[in-house]
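Worksheet: the structure to be examined is printed underneath.
Residue numbers (the working numbering): 408 to 575.
As structure tokens, then:
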């Protein structure tokens, strides 16, 4: 998928409510894989791969003192580097490698599939994940911060859509 909102929902849930959300993320990813008619062993591995990336991003962000309210430039940079780019890359590589191992990808399709998977997850985290974090942290924010957050949300959504549809 070129846009995968569940990746953004997963990371936002982990950042807001912590690792206890991991079970829900794993079960949701397992359900999606099973609905796509993946055999149970493949579905389980895909679900675990979908969980590992956001979970590692969460742990790295926590270690670096990340604030999910995205009120500082540092927090936004960490979110983009570790959440949007890093966590989604891990999930994409694990997912595509799992599909290749189960012979679900044609020979030579690994790199293209990894690129598409990573791009869809990254756009999902950038748009949906940042939106959810902004919405969940607006409580008690000053009006000027809400306007900045809204402008950032619109800018990232437009930039993601332009990159997705018009290419690099």
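Using N, Cα and C, we set each Cβ at its ideal position, and we do this for glycine too.
Note that the coordinates shown come from a computational prediction; the quantities given were computed from them, not determined experimentally.
- Within its own chain, the residues whose Cβ lies closer than 6 Å to the Cβ of residue 496, once the five positions on either side in sequence are excluded, are 525, listed in chain order.
- When secondary structure is reduced to three states using DSSP, residue 447 falls in the helix class.
- The three-state secondary structure of residue 525, taken from DSSP, is helix.
- In terms of Cβ geometry, residue 440 and residue 458 do not form a close pair [threshold 8 Å].
- Distance from residue 475 to residue 540 at the Cβ level is roughly 5 Å; contact confirmed, criterion being Cβ atoms closer than 8 Å.
- Between residue 409 and residue 490, the C-beta gap is not smaller than 8 Å, which leaves the two residues out of contact.
- In the structure shown, the three-state DSSP call for residue 470 is helix.
- Rounded to the nearest whole angstrom, the C-alpha separation of residue 446 and residue 543 is 36 Å.
- Within the same chain, Cβ atoms closer than 6 Å to the Cβ of residue 412 are found at 531, 535, the five residues on either side in sequence being excluded.
- Remark: C-beta atoms of residue 462 and residue 421 approach each other more closely than 8 Å.
- Annotated as distal: residue 502 and residue 418, with beta-carbon spacing of 8 Å or more.
- Straight through space, the alpha carbons of residue 443 and residue 467 are spaced by roughly 31 Å.
- Here residue 415 is buried. Its C-beta has 16 or more other C-beta atoms within 10 Å.
- Cβ atoms of residue 521 and residue 492 stay farther apart than 8 Å, at about 14 Å.
- Taking C-beta atoms as the reference points, residue 449 and residue 505 count as a pair closer than 8 Å.
- Counting only the Cα atoms, residue 515 lies some 20 Å from residue 453.
- DSSP, read as helix, strand or coil, puts residue 480 in helix.
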